[in-house]
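Here's the structure, in structure tokens; my notes come after.
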Amino acid sequence: MELMNQNSVFVPQFDPQKMNGKLTYKVIIKSDYVRNDGTCALYLQVYLNSRKRIPLDISVKLDQFDKKKQRINKKCKNYKDYNLIIEKRLADINKIEVNYRLNNQALTLNRLMEELENPSLRIDYIAFAKRILEEQRGVLKHSTYRQQKGALSKIEQFKSPLYFYEINEQFLIDFRSWMKNSEKNKPATIEGTIKNFKKYLHAANKKGVNTELKFDDISVKKMVGDRTFLLPEELKILVKYRDSEFVTKSHKNILSRFLFSCFTGLRISDIESITEENFIGDHLAFTMQKTSKFIRIKLNQYANQMIAFPTLWEGKYTREHINRELKTIARQLGIKKNLHFHCSRHTFATNFLISGGRVENLQKLLGHSEIKETMIYVHIVEQIMDDQIDLINNLFK
0 MELMNQNSVF
10 VPQFDPQKMN
20 GKLTYKVIIK
30 SDYVRNDGTC
40 ALYLQVYLNS
50 RKRIPLDISV
60 KLDQFDKKKQ
70 RINKKCKNYK
80 DYNLIIEKRL
90 ADINKIEVNY
100 RLNNQALTLN
110 RLMEELENPS
120 LRIDYIAFAK
130 RILEEQRGVL
140 KHSTYRQQKG
150 ALSKIEQFKS
160 PLYFYEINEQ
170 FLIDFRSWMK
180 NSEKNKPATI
190 EGTIKNFKKY
200 LHAANKKGVN
210 TELKFDDISV
220 KKMVGDRTFL
230 LPEELKILVK
240 YRDSEFVTKS
250 HKNILSRFLF
260 SCFTGLRISD
270 IESITEENFI
280 GDHLAFTMQK
290 TSKFIRIKLN
300 QYANQMIAFP
310 TLWEGKYTRE
320 HINRELKTIA
330 RQLGIKKNLH
340 FHCSRHTFAT
350 NFLISGGRVE
360 NLQKLLGHSE
370 IKETMIYVHI
380 VEQIMDDQID
390 LINNLFK
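Residue 396 is where the sequence shown ends in numbering that gives the first Met the number 0, and the numbering goes up by one at each step.
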């Protein structure tokens with residue numbers, strides 16, 4: 000290592016060096032092109048299986064650049080500032096290379112350039128997570144992408160930027176508290192958000208980003224989501240409203256989708272994806288969006304009748320809008336339940352079992368990979384039966 004001459008700024012000198020047997024870099028002046036002001040541009044030339052020239056946004060005259068030391072000499076009045084810029088860029092490359100080596104990761108030229116161009120990715124959790132999410136967008140299901148993007152938006156709403164050094168146990172406590180008390184999120188929503196937070200923290204830790212709180216320090220509680228369902232008399236109220244002369248067009252369209260799911264158990268993602276071509280006689284054949292499973296189900300009488308309704312396909316609505324309107328409809332009709340689209344799936348499952356359907360068949364209809372997922376509905380029906388058996392106590396009151 001060399002030091003600059005007396006009375007000059009003390010800046011460490013890096014000779015072109017080979018790292019991991021692949022990476023070399025040096026500062027060069029592009030002497031084959033002289034600008035009108037007599038200066039030439041400086042570049043950082045990097046070799047990593049191939050060559051890349053990185054502009055340093057510095058231009059000096061040929062006699063102001065020391066090719067041996069790869070620094071700007073005193074003939075340039077801004078030599079101290081320019082040399083600091085050069086050193087900063089060299090130090091950035093060295094830091095990236097060392098980090099990859101310590102974490103046993105292969106450093107490529109593309110990765111090196113990405114790290115140099117986006118230094119915030121190793122500083123800010125939000126910037127890092129957004130980049131990873133967009134990289135995975137092509138392989139994630141659309142519903143998964145939406146869900147994870149929503150979780151990141153919630154984290155960003157709580158704190159942005161979120162520096163990696165700020166991620167500790169207290170941050171997690173404060174974040175959970177904010178979701179519960181300020182945002183009034185339900186436990187399932189909170190745990191789902193924490194699960195996504197943990198995913199991107201894991202990715203950062205694997206890339207060598209050090210945090211006080213590691214991903215494996217975070218425990219996510221397994222929550223049973225809201226299992227609100229409608230009873231037959233409540234379904235009749237909705238059908239009557241949909242067929243009335245007072246219903247608005249959007250309510251009619253939204254209720255048609257919701258009721259069709261109440262009679263088939265389809266998720267909203269499947270309602271959005273199926274077309275008339277998926278109906279074969281009195282059967283519906285389609286690939287589930289969430290699980291990629293192909294399923295063929297026989298339509299019951301009510302579902303068959305609804306296929307003829309053009310409102311099943313009319314109008315384009317976001318899921319958020321549909322859920323808001325379902326809550327409005329429930330209030331208007333005096334249904335005192337927190338209605339949202341997924342209630343339709345719970346409604347189908349619960350009424351299927353109440354009507355005598357077998358749990359093994361329900362598992363196939365819902366596309367559950369494990370029977371324990373379906374058994375949740377069995378427990379709900381058992382609770383209903385237990386509650387109703389107590390009604391006999393009123394006979395002698």
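All C-beta atoms in this analysis are idealised placements derived from N, C-alpha and C, irrespective of residue type, glycine included.
Checklist entry - Is the distance from the Cβ of T266 to the Cβ of R344 below 8 Å? => result Sequence check: residue 266 is Arg here, not Thr. Taking 8 Å as the Cβ cut-off, R266 and R344 qualify as a contacting pair.
Checklist entry - From T290 to I217, what does the alpha carbon distance come to, in whole angstroms? => result So the alpha carbons of these two residues sit roughly 27 Å apart.
Checklist entry - Counting along the chain, where does the beta strand (DSSP E) carrying L55 start and finish? => result In this chain, the beta strand (DSSP E) harbouring L55 covers 50 to 59.
Next on the checklist: For S181 and I379, what's the separation of their Cα atoms in angstroms?
Outcome noted: If you draw a straight line from the Cα of S181 to the Cα of I379, it comes to about 31 Å.
Checklist entry - Beta carbon of K336, beta carbon of T227: below 8 Å? => result For K336 and T227, yes; Cβs fall inside 8 Å.
Next on the checklist: Please report the straight-line C-alpha distance between N277 and K21, rounded to a whole angstrom.
Outcome noted: Rounded to whole angstroms, the gap between the alpha carbons of N277 and K21 is 55 Å.
Checklist entry - DSSP three-state call for L298: helix, strand or coil? => result DSSP, reduced to helix, strand and coil, places L298 outside both helices and strands of the structure shown, so it counts as coil.
Next on the checklist: Across the segment 312 to 323 and the segment 234 to 242, are there enough close Cβ pairs to call them in contact, namely three or more that are closer than 8 Å?
Outcome noted: Two segments are said to touch when three or more pairs of C-beta atoms, one from each, lie closer than 8 Å; by this definition the segment 312 to 323 does not touch the segment 234 to 242.
Next on the checklist: Am I right that D281 and L298 are in contact with their C-beta atoms under 8 Å? What's the rounded C-beta distance?
Outcome noted: So it is a contact: roughly 5 Å between Cβ atoms.
Checklist entry - Looking at the unbroken alpha helix (DSSP H) that takes in K235, where does it start and where does it end? => result Start and end: 231 to 241.
Next on the checklist: Distance check for V246 and K448, CA to CA, integer angstroms please.
Outcome noted: Nothing in the structure corresponds to residue 448, since the chain is present only between 0 and 396.
Item to check | Supposed contact pair Y42 and L55 - C-beta distance, whole angstroms, cut 8 Å | outcome: L55 to Y42, Cβ: 6 Å. Contact.
Checklist entry - So what does V45 bridge to, in DSSP terms? => result The partner list for V45 (beta bridge, DSSP) reads Y24, K51.
Checklist entry - With 16 as the cutoff for other CB atoms within 10 Å, does N209 come out buried or exposed? => result Answer is exposed; the Cβ neighbour count stays below 16.
Item to check | T263 burial status per 10 Å Cβ neighbour count (16 or more: buried) | outcome: That one is buried.
Next on the checklist: Whole angstroms are fine: how far does the CA of I27 sit from the CA of C39?
Outcome noted: Their backbone Cα atoms lie some 10 Å apart in a straight line.
Checklist entry - From K292 to E372, what does the alpha carbon distance come to, in whole angstroms? => result Between K292 and E372, the C-alpha separation is close to 16 Å.
Item to check | Continuous alpha helix (DSSP H) assignments of at least 4 residues falling wholly in the segment 75 to 119 | outcome: For the segment 75 to 119, whole alpha helix (DSSP H) runs of length 4 or above, ordered along the chain, are 78 to 101, 108 to 116.
Item to check | Segments of 4+ residues assigned as alpha helix (DSSP H) that fall wholly inside the segment 124 to 172 | outcome: Within the segment 124 to 172, the complete alpha helix (DSSP H) segments of 4 residues or longer fall at 124 to 135, 141 to 157, listed in chain order.
Item to check | Buried or exposed by the 16-neighbour rule on C-beta atoms within 10 Å, applied to T188 | outcome: It is buried - the Cβ of T188 has at least 16 other Cβ atoms within 10 Å.
Next on the checklist: Measuring only the C-alpha atoms, how far is L361 from F351?
Outcome noted: Those two C-alpha atoms are separated by around 8 Å.
Checklist entry - Any contact of the segment 198 to 205 with the segment 116 to 132, i.e. 3+ C-beta pairs under 8 Å? => result Yes, the segment 198 to 205 is in contact with the segment 116 to 132.
Checklist entry - Hey, quick one: how far does the beta strand (DSSP E) through H345 stretch, first residue to last? => result Run containing H345: none in the beta strand (DSSP E); it sits in the alpha helix (DSSP H), 341 to 353.
Item to check | Coarse secondary structure for F262, derived from DSSP in three states | outcome: Secondary structure at F262: coil, using DSSP grouped into helix, strand and coil.
Next on the checklist: Taking the beta strand (DSSP E) that H282 belongs to, which residues open and close that run?
Outcome noted: H282 -> beta strand (DSSP E) spans 282 to 286.
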